[in-house]
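Visitor: The listed protein sequences correspond, in order, to chains A, E and S.
When we follow the numbering used here, the leftmost residue of the first sequence carries the number 594, and every step to the right adds one.
When we follow the numbering used here, the leftmost residue of the second sequence carries the number 150, and every step to the right adds one.
When we follow the numbering used here, the leftmost residue of the third sequence carries the number 4, and every step to the right adds one.
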Amino acid sequence: MLYALCFLLFMVGLYGVLVKRNLIKIIISLIIMESAVNVFIVMVGYRKDGIAPILNKTMQHQELVQRAVDPVPQALVLTAIVIGLGVTAMTIAIAMRLYERFGTYDIQEIKRLKG
Amino acid sequence: MLEFIGLLLLFMVIAAIVAIETRDLLAAVISVTAVGFGVIIAFFYMRAPDVAIVPIVVEVLILVILIRATLRVGLRTFIGNRDFFGMMVTMAMLAVIFLAGIRVFNDFPRFGVPVMARIVDAPSRFYIANGLKETGAANIVTAVLLDYRAYDTLGEATVLFTAIMGAIAVIRKKARKKTTEPEVSEWEE
Amino acid sequence: MADKGMTPIVKTITGWVKGFIMLFGIYIVLYGHLTPGGGFAGGVILAMVFVLLTLAYGREEALRRFRIGVASELDSIGALMFLVIAILGIAGTLGGKFFTNYIAKANPGTPFELFSAGIIPLCNIAIALKVASSLFLVFILLVLMRVIHDPREKA
């Protein structure tokens, strides 16, 4: 059920990418898709009543082994977020160049102007 | 607990729909930041404080960049989607993908049971059991990130470098044509 | 955009908090192997200090403190430092593999201490340098380096 909601969030983003004409709206949809994927990957590693995979001095190591959530998806998502910012910056740069060239964010008009 | 994450996801879906469907671009940008902060709260509730610290700052940065770089006074707002027939085909395809994708989750373990709990020799179990002993790092996520799976981090650094270089390459043609500020010309050389 | 910066209230508050934010970022980087945080989180916080300075004081003041040339050099230095740490794992007598944690193998140290986890704190510092300077460069590039103008206005 929760996985399905997360998938619905992804589909909303996909709808935006496929249907919208405004370049800014398309970038926003890409950001939404990225968020949905990040949440989904962390959800896969969640353990009910789990604890964060970080030891402290007072904790028994056995408790961590039994109750910790999965650390690998968290590590993957951590890198994915920063990459996502880089990719978003790249798309914004392309959108700005297109605006400068054609004077509009409308992709259909850009296609028409290009001939 | 489960209900809370469900409500949060519902909120994020609504915010995403608002962000995509609203006419006002400023409202759209702010709504997408609302989605991002929903993600952050979900991370905190799913016991991932390591991950939750990063997007707080990243979301703010994306908000500032989107507002300052793309929106401007007198931007021509237009509504409307792509043509009608194409949109109908797209909606049908999306519905098919969604209904087919829902089936996949039947094979997933229930929410709250990680995949590593079902596999005896999962790598995650090994990392949790031996992380402190082998690497000396109390934070197992850092141990995975920088010791067991450091190749991923190296690849991430490469991708980030390439993305920034791409952004500079896309932007700089314009800056070379009209160099007015001294910093720009200094940087161009 | 206002290059002169914001009101004196914002400038004063920024002057007070910028040191604390920077200290917090450095803490997050250095203690990344013991507490939540690490190179990525600390790096974005350090980048945010300069974004705050830029927004509050305007472009000239921020670029005077952290020039773009310095930023791109720090970016490259971070990436190089990460690679050199990795390659030293091959060269060293211990392990002989890429990304071997040679310091932890030679000198394990006590857990829960600052100097404990071998190459992990060094890698954290490298990544923090890289992420901080990259994000600052992105911000400067996309926000300040240009004024969007409409080609139809020029005609």
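Beta carbons: idealized from backbone N, C-alpha and C, even for Gly.
Small disclaimer: the values here were computed from a predicted structure and weren't measured.
My understanding is that isoleucine 169 (chain E) touches lysine 613 (chain A), with C-beta atoms under 8 Å, so please give their C-beta distance in whole angstroms.
Guide: Residue 169 (chain E) sits at position 20 when you count from the first residue of the second sequence. Residue 613 (chain A) sits at position 20 when you count from the first residue of the first sequence. About 7 Å separates the two Cβ atoms, so the contact holds.
Visitor: So, for valine 637 (chain A): in the same chain, excluding its five sequence neighbours on each side, which residues have a beta-carbon less than 7 Å away from its beta-carbon?
Guide: Residue 637 (chain A) sits at position 44 when you count from the first residue of the first sequence. These residues qualify, in order along the chain: Pro666.
Visitor: In chain E, which residues lie less than 7 Å from threonine 681 (chain A) when you measure between Cβ atoms?
Guide: Taking the first residue of the first sequence as 1, we reach residue 681 (chain A) at position 88. Ile211, listed in chain order.
Visitor: Could you tell me whether the Cβ of phenylalanine 115 (chain S) comes closer than 8 Å to any Cβ of chain A?
Guide: Taking the first residue of the third sequence as 1, we reach residue 115 (chain S) at position 112. It does; some Cβ of chain A falls within 8 Å.
Visitor: For the stretch 25 to 93 of chain S, which segments carrying the alpha helix (DSSP H) assignment without a break, of at least 4 residues, lie completely within its bounds, in sequence order?
Guide: With a minimum length of 4 residues, the continuous alpha helix (DSSP H) runs that stay inside the stretch 25 to 93 of chain S are 42 to 60, 62 to 68.
Visitor: What does lysine 14 (chain S) touch in chain E if you count any residue whose Cβ is under 8 Å from its own?
Guide: Reading the third sequence from its first residue, position 11 is the one you call residue 14 (chain S). The premise fails here: lysine 14 (chain S) is roughly 18 Å from chain E at the closest Cβ pair, so nothing lies under 8 Å.
Visitor: Taking arginine 267 (chain E) as the reference, give the member of A:Asp663, A:Thr684, A:Val675 with the closest Cα.
Guide: Here residue 267 (chain E) corresponds to residue number 118 of the second sequence, with the count starting at 1. The shortest Cα separation from arginine 267 (chain E) among A:Asp663, A:Thr684, A:Val675 belongs to A:Asp663.
Visitor: Please check the pair proline 111 (chain S) and histidine 36 (chain S), which I expect to be a contact at CB under 8 Å, by giving their CB distance rounded to whole angstroms.
Guide: Residue 111 (chain S) sits at position 108 when you count from the first residue of the third sequence. Residue 36 (chain S) sits at position 33 when you count from the first residue of the third sequence. Not really, about 13 Å apart at Cβ, beyond 8 Å.
Visitor: Could you check what DSSP says for alanine 317 (chain E) in three-state terms: helix, strand or coil?
Guide: Position 168 of the second sequence, counting from 1, holds the residue named residue 317 (chain E). It should be noted that the sequence gives isoleucine, not alanine, for residue 317 (chain E). Residue state, collapsed to three classes: helix.
Visitor: What does alanine 661 (chain A) touch in chain C if you count any residue whose Cβ is under 7 Å from its own?
Guide: The displayed structure is made up of protein chains A, E and S, and chain C is not among them.
Visitor: For alanine 686 (chain A), go through chain S and note every residue whose CB falls closer than 7 Å to its CB, in chain order.
Guide: Locating residue 686 (chain A) in the first sequence gives position 93, where the first residue counts as 1. Per Cβ cutoff of 7 Å: Leu145.
Visitor: Please decide whether valine 593 (chain A) counts as near chain S, where near means a Cβ-Cβ distance under 8 Å.
Guide: This structure does not reach residue 593 (chain A), given that chain A is present from 594 up to 708, and the question cannot be answered.
Visitor: Could you name the residues that DSSP lists as bridge partners for aspartate 699 (chain A)?
Guide: Position 106 of the first sequence, counted from the start, is the residue given in the question as residue 699 (chain A). Partner(s): A:Asn615.
Visitor: Could you check which residue in S:Val52, S:Ile48, S:Phe43, S:Ser136 has the C-alpha nearest to that of tryptophan 19 (chain S)?
Guide: The residue you call residue 19 (chain S) lines up with position 16 of the third sequence. For tryptophan 19 (chain S), the nearest C-alpha among the options comes from S:Val52.
Visitor: In its own chain, which residues sit with a C-beta less than 6 Å from the C-beta of tyrosine 639 (chain A), not counting the 5 before and 5 after it?
Guide: The count along the first sequence starts at 1 and reaches residue 639 (chain A) at position 46. Cβ within range, chain order: Val662.
Visitor: I need the straight-line Cα distance from threonine 219 (chain E) to alanine 176 (chain E), nearest angstrom please.
Guide: For the purposes of this step, residue 219 (chain E) is taken as the residue at position 70 of the second sequence. For the purposes of this step, residue 176 (chain E) is taken as the residue at position 27 of the second sequence. Straight-line Cα distance between these residues: approximately 13 Å.
Visitor: Per DSSP, what are the beta-bridge partners of asparagine 288 (chain E) in this structure?
Guide: As a position in the second sequence, residue 288 (chain E) is number 139, starting the count at 1. Asparagine 288 (chain E) is bridged to A:Ile647.
Visitor: Considering only the beta carbon of each residue, do lysine 21 (chain S) and leucine 49 (chain S) sit closer than 8 Å?
Guide: The sequence position of residue 21 (chain S) within the third sequence is 18, counting from 1. The sequence position of residue 49 (chain S) within the third sequence is 46, counting from 1. No; because the gap between Cβ atoms is not below 8 Å, this pair is not in contact.
Visitor: Rounded to a whole number of angstroms, what is the C-alpha to C-alpha distance between leucine 678 (chain A) and phenylalanine 186 (chain E)?
Guide: In the first sequence, counting from the first residue as 1, residue 678 (chain A) sits at position 85. In the second sequence, counting from the first residue as 1, residue 186 (chain E) sits at position 37. Looking at the two C-alpha atoms, the distance is approximately 15 Å.
Visitor: Could you list which residues in chain E have their beta carbon closer than 8 Å to that of glycine 112 (chain S), in chain order?
Guide: Counted from its first residue, the third sequence places residue 112 (chain S) at position 109. Within 8 Å Cβ-Cβ: Gly285.
Visitor: Which residue or residues does DSSP assign as beta-bridge partners of alanine 661 (chain A)?
Guide: For this step, residue 661 (chain A) is matched to residue 68 along the first sequence. A:Ile644.
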